[in-house]
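What follows is a short report on a single structure.
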Amino acid sequence: NAGVMQNPRHLVRRRGQEARLRCSPMKGHSHVYWYRQLPEEGLKFMVYLQKENIIDESGMPKERFSAEFPKEGPSILRIQQVVRGDSAAYFCASSPPAQSSGNTIYFGEGSWLTVV
Amino acid sequence: AQKVTQAQTEISVVEKEDVTLDCVYETRDTTYYLFWYKQPPSGELVFLIRRNSFDEQNEISGRYSWNFQKSTSSFNFTITASQVVDSAVYFCALSAPRTGNQFYFGTGTSLTVIP
């Protein structure tokens, strides 16, 4: 019973390096979401994707951050030239094809990025 | 704008006590959905419940119960006879058709159950 799979669980990067976080949705789910949890804060929406389409990226920082969900393979959240402020937990969630926005989204275990 | 407020930042209770976690939401929409998620110390987010705005019936699941009151825009969560394994951060969230598939989360309530 594979849930939402994220890897790596923990990632350490030096300032200026690139971070790539991967997410495989639950079986049967075609919608993927990325959320960021800063220390002592709740989760903030970043981006919502379907296969080969970005549906809503209103929560993504304008620079250095990008996301994709290719036809084959996992969704990737990419952070270029990381800075200390990027240190956070990044959660991926998935849901089945949405007839409405009321679908429950199921989260992965998160990827903890530490920038040193 | 959509907003979820969890005013209780941290709560500590002694094992077997009941505890209620508050959630107050703001929305102009008539159709919306409310959720609770649990984040144990291991870090993952576990779905607990989903409620739509047209269903104010309270729900009970084992030691967990939820009280949805539209009149006060609240969706409170009660744990009866708390256990150490209930120690976690609990998040309340809201989504609405008008704002697409975004979930709006509160800042969470950290619950510690003391043995």
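Protein sequence lines, in the order shown, are assigned to chains A and B.
Heads up: the first sequence begins at 49 in this note's numbering, then just goes up one per residue.
Heads up: the second sequence begins at 25 in this note's numbering, then just goes up one per residue.
Ideal Cβ placement from N, Cα and C applies to all residues, glycine included.
Just so you know, these numbers come straight off a predicted model, no measurement behind them.
Check	Outcome
Kindly give me the distance between the Cβ atoms of Val80 (chain A) and Leu97 (chain A), rounded to whole angstroms, as I take these residues to be in contact under 8 Å.	5 Å
Can you tell me the Cα-Cα spacing of Lys119 (chain A) and Val131 (chain A), whole angstroms?	30 Å
Apply the 10 Å Cβ neighbour rule to Asp110 (chain B) and answer buried if 16 or more other Cβ atoms are within range, or exposed otherwise.	buried
Can you list, in chain order, the residues of its chain with a C-beta nearer than 7 Å to that of Asn49 (chain A)? Leave out the 5 residues immediately preceding and following it.	With a pLDDT of only 49 at Asn49 (chain A), under 50, the local geometry of the prediction cannot be trusted, and the value read off the model is given with reservation. Closer than 7 Å at Cβ, skipping near neighbours: no residue.
Which residue comes first and which comes last in the beta strand (DSSP E) that contains Thr102 (chain B)?	Ser98 to Ile103
If we require 3 or more residues per run, which beta strand (DSSP E) segments fall completely within the stretch 47 to 83 of chain B?	48 to 50, 57 to 63 and 70 to 76
Once the 5 residues before and after Phe127 (chain B) are set aside, which same chain residues still bring their CB inside 8 Å of it?	Phe59, Ala117, Leu118 and Ser119
Pick helix, strand or coil for Lys92 (chain A), following the three-state DSSP scheme.	strand
Specify the secondary structure class of Arg132 (chain A) as computed by DSSP and reduced to three states.	helix
Whose C-alpha, out of A:Gly133, A:Ala137, A:Gly156 and A:Ala141, is nearest the C-alpha of Leu59 (chain A)?	A:Ala137
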